Amino acid sequence: MPDAKPSPAAPENTPDNVKSGAKSKAKAKPKPKVTNESKLAKLGLRSDMDLVLHLPMRYEDETQIRPISDAGFMGGNAAQVEGLVTACDIQYRPRRQLVVTIADDSGVLVMRFLNFYGSQVKQFAVGARIRARGEIRHGFLGAEMVHPTYKVVEEGDPLPDALTPVYPAGEGLSQSYLRKAIANALKRIDWRDTLSPALLESLELQGFEPSVKLLHNPPPDVDEYALMERTHPAWTRMKFDELLAQQLSLKRAQQARRAKGAAALPVIGALSEAFLKALPFQLTDAQQRVLAEIRADLRESFPMQRLLQGDVGSGKTVVAAMAAAQAIDSGFQAALMAPTEILAEQHFRKIAQWMEPLGVRVAWLTGSLKKKEKEAAQAMIGSGEAHLVIGTHALIQEGVEFSRLGLVIVDEQHRFGVGQRLALRNKGLDEAGRTAGQDSQTVPHQLMMSATPIPRTLAMTYYADLEVSVIDELPPGRTPIVTRIIDQNRREEVIERVHAAALEGRQVYWVCPLIEESEALQLQTATDTHAALSAALPDLRVGLVHGRMKPAEKQVVMDAFTRAEVHVLVATTVIEVGVDVPNASLMVIEHAERFGLSQLHQLRGRVGRGSAASICLLLYQSPVGQVAKQRLMTMRETTDGFEIARRDLEIRGPGEFLGARQSGEAMLRFADLEKDQWLVEKARNLAQMLLQHDPATVEAHLARWLGGREEFLKV
Ligand code: ADP
Ligand code: MG
């Protein structure tokens with residue numbers, strides 16, 4: 006329908022309104038007006054095409070009425086029944102509720118409403134005909150439904166002849182409003198297929214228009230099972246389109262990156278050599294291999310974009326420092342950004358201790374610096390006096406201007422939000438471009454580090470734009486960590502064990518339970534634990550570190566622990582990331598059943614860093630759920646980060662694995678990376694072909710599927 010006008014409330018994504026959308030984000034937020042449009046916008050539904058691509062998450066079958074007597078045997082599935090009201094009472098035991106009984110020829114059904122209005126009571130006049138839909142249970146009084154959806158009907162009122170779609174809806178957005186908005190959008194959009202008939206045939210895919218229409222309004226004879234399982238050809242087409250858009254966008258980002266210039270950092274000079282000599286150890290073979298890969302990238306005059314993966318404790322930091330040394334040797338600055346202040350601080354101390362004696366100026370920048378200190382740091386960075394800058398995401402905030410930024414290193418990159426990663430990249434782009442005196446297309450090289458290994462399917466999609474280096478070997482002399490699972494009620498014994506270990510000169514982490522619902526409660530628990538352990542271990546020094554402490558206070562405690570003046574460090578998960586105190590060899594994690602697998606792995610990685618045999622005690626509180634039990638068993642069985650990531654993926658699925666919040670709108674909505682692997686490969690091949698031979702199709706497809714959101718896929 007090319008002549009249909011987009012409605013003013015839901016405009017198509019034209020370049021203009023995409024831009025203004027981005028602008029309004031940066032500026033002060035408009036006053037919150039809660040209209041249906043703003044609720045739609047919250048779901049990312051801004052244009053007609055967005056609405057059309059907002060596909061049902063499931064369907065309800067309202068096409069049939071079942072006799073009450075056998076509706077209960079549907080095995081937990083919802084059923085629809087119809088009957089006449091025989092009684093309607095408000096009961097007060099066990100609590101106030103409306104109890105309505107209806108009957109058909111086959112039996113009697115009790116409907117219960119715990120929240121109800123007076124008007125509802127009137128609707129249920131004896132003799133009224135009610136069509137009710139819900140899950141039937143067999144209660145005390147026979148068949149019953151709690152809070153069914155229902156309506157008052159006349160005898161012989163027609164049933165819908167198709168499945169009823171149920172859409173993902175935000176708070177306060179009704180299904181009927183969504184259905185109407187989508188139905189309207191379906192009338193307005195341009196249905197042209199982005200893929201030619203010939204292509205569709207060779208790919209064995211259905212057309213776009215029939216697929217979309219079928220999913221919104223499934224015909225009566227549709228294969229319901231295939232629809233619900235998302236194996237129907239209409240779903241396949243949607244998944245393919247979505248994957249194709251993602252592959253196109255990733256490949257284009259990669260091409261764009263390759264097309265940009267970067268300052269070549271070819272010099273492996275005095276600093277690099279002196280640094281290597283000053284290290285108290287030899288690099289492992291794996292470290293040398295990845296370093297060679299990074300060195301080769303840095304010599305190029307297009308930007309490196311490399312992910313350095315290595316299990317917890319594999320020695321990524323020193324490799325990053327070597328990369329920084331090469332940038333500095335080549336006359337440029339390097340920046341190292343870490344996700345927490347504690348980790349940034351550790352990097353700062355360690356690297357400053359390694360490099361300052363060699364004449365390197367290292368600047369320190371975090372949000373908690375005093376204004377004067379911050380200005381001093383910024384001045385050093387801006388003048389180029391600082392060769393290396395280490396800090397938190399304060400590095401990407403306004404007012405930080407680099408003189409000659411050649412390399413950006415992001416530690417534990419998966420911890421940063423998409424927006425932050427994007428900001429850092431753009432920062433580098435502006436700053437390096439402007440100040441290096443080259444044209445504005447120059448960007449710094451980027452090295453990202455992560456201890457969370459990425460399974461192949463994910464790497465192929467989300468990280469398709471990255472080269473990957475893997476450190477697959479731990480430094481020598483480490484003894485594997487032994488992990489035990491212990492009932493929380495044996496806490497006394499565990500405290501005894503901590504005592505014995507400390508007397509042997511070992512240091513201990515005691516990790517407090519994660520309390521997701523309440524940060525205040527979590528702090529309280531940490532303080533209580535600290536008090537209890539201090540009392541139980543009067544001859545030991547027990548320290549406490551948590552997220553709400555001032556950075557200076559944290560630092561005092563961490564320093565004391567590093568110098569072995571504190572025996573037992575009670576900590577919240579602030580120590581999860583990167584903390585490195587090799588003498589610590591015993592870790593206790595309370596309520597381990599509450600933590601996720603990768604979090605447990607990260608935590609446990611704080612021990613086993615020195616030569617002493619390390620132990621990790623996972624305390625649990627019974628009863629433990631099935632999934633939590635699986636996690637604890639996995640922790641006991643293996644210390645291999647890749648194996649743990651694989652099991653984690655199995656237990657949680659890829660969406661959660663990536664952290665839906667972090668990956669934001671880049672998440673796939675329809676395709677499932679595990680089940681739809683074959684489609685990923687198909688989409689990848691087609692993307693390659695289209696980019697080479699058919700730019701018009703590329704544009705059309707990206708416009709349809711990504712609108713203005715493409716930026717996110719590049720991160
Ligand atoms: P991660 O990869 O988890 O970031 P780190 O870089 O913190 O690991 O390294 C863990 C510990 O191992 C540090 O104390 C570091 O100094 C040490 N280390 C790194 N490389 C080697 C090596 N080749 N030989 C011995 N120790 C090493
Ligand atoms: Mg690290």
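Residue numbers for the sequence shown, in our numbering: 6 to 720. Where a beta carbon is used, it is the ideal one built from N, C-alpha and C, also for glycine. Here the structure is a predicted model, which is why all the values come from computation and not from measurement.
So, using beta-carbon positions, are residue i and residue j closer together than 7 angstroms?
| i | j | result |
| --- | --- | --- |
| L605 | M640 | yes |
| P271 | V448 | no |
| G147 | A83 | no |
| Q338 | H392 | yes |
| R304 | A269 | yes |
| L363 | A250 | no |
| A597 | L623 | yes |
| E67 | P165 | yes |
| H572 | L538 | no |
| G266 | S306 | yes |
| Q383 | V413 | no |
| G315 | R614 | no |
| M116 | P153 | yes |
| R311 | L452 | yes |
| V703 | L696 | yes |
| F213 | D198 | yes |
| P223 | A167 | yes |
| A343 | H352 | yes |
Please work out which residues of its chain come closer than 8 angstroms, Cβ to Cβ, to residue i, disregarding the five sequence neighbours upstream and downstream, and give them in chain order.
| i | result |
| --- | --- |
| I187 | L56, V57, H59, Y172, H221 |
| V612 | I486, Y514, A589, S590, L591, M592, S619, I620, C621 |
| L178 | N41, K44, L45, L48 |
| V158 | E87, R134, I135, R136 |
Is any heavy atom of the ligand MN found at a distance shorter than 6 angstroms from the C-beta of residue i?
| i | result |
| --- | --- |
| K355 | Although the ligand MN was asked about, the structure shown includes only the ligand ADP and the ligand MG as ligands. |
Identify, in the order they occur along the chain, each residue of the same chain with its Cβ nearer than 6 angstroms to the Cβ of residue i, setting aside the five sequence neighbours on each side.
| i | result |
| --- | --- |
| E478 | T289, A291 |
| R652 | T639 |
| A92 | T106 |
| L663 | Low confidence applies to L663: its pLDDT is 44, below 50, so where it sits in the model is not reliable enough to give any reading. |
| E87 | I70, R136 |
| K244 | F675, A676, D681, L684 |
| S111 | P72, I73, S74 |
I need the DSSP call for residue i, collapsed to helix, strand or coil.
| i | result |
| --- | --- |
| K192 | helix |
| Q402 | coil |
| G387 | helix |
| V227 | coil |
| E140 | strand |
| S124 | helix |
| L248 | helix |
| A531 | helix |
| E65 | strand |
| F600 | coil |
| E149 | strand |
| T241 | helix |
| S277 | helix |
| V413 | strand |
| E472 | strand |
| G669 | Confidence is the limiting factor: at G669 the pLDDT is only 32, short of 50, which leaves the residue's position unreliable, though a coordinate-based value still follows. In the structure shown, G669 sits in a helix (DSSP, three-state: H, G or I). |
| E686 | helix |
| L549 | strand |
| R609 | helix |
| A186 | helix |
| M54 | helix |
Can you list, in chain order, the residues of its chain whose CB lies under 7 angstroms from that of residue i, leaving out five sequence neighbours each side?
| i | result |
| --- | --- |
| M563 | I347, V550 |
| P7 | Since pLDDT at P7 reaches only 36, below the 50 mark, its modelled position is unreliable, and the value read off the structure follows with that caveat. Closer than 7 angstroms at Cβ, skipping near neighbours: D195. |
| L183 | Y172, A174 |
| R599 | P518, L519 |
| A569 | Q512, N588 |
Under the DSSP definition of a beta bridge, which residues are partnered with residue i?
| i | result |
| --- | --- |
| W369 | I395 |
| S455 | Q314 |
| P481 | In DSSP, P481 forms no bridge with anything. |
| A92 | T106 |
| Y514 | L574, M592 |
| P170 | Y64 |
| Y625 | D492 |
| S207 | Bridge partners of S207: none, in fact. |
| Y155 | A137 |
| V39 | In DSSP, V39 forms no bridge with anything. |
| H450 | L412 |
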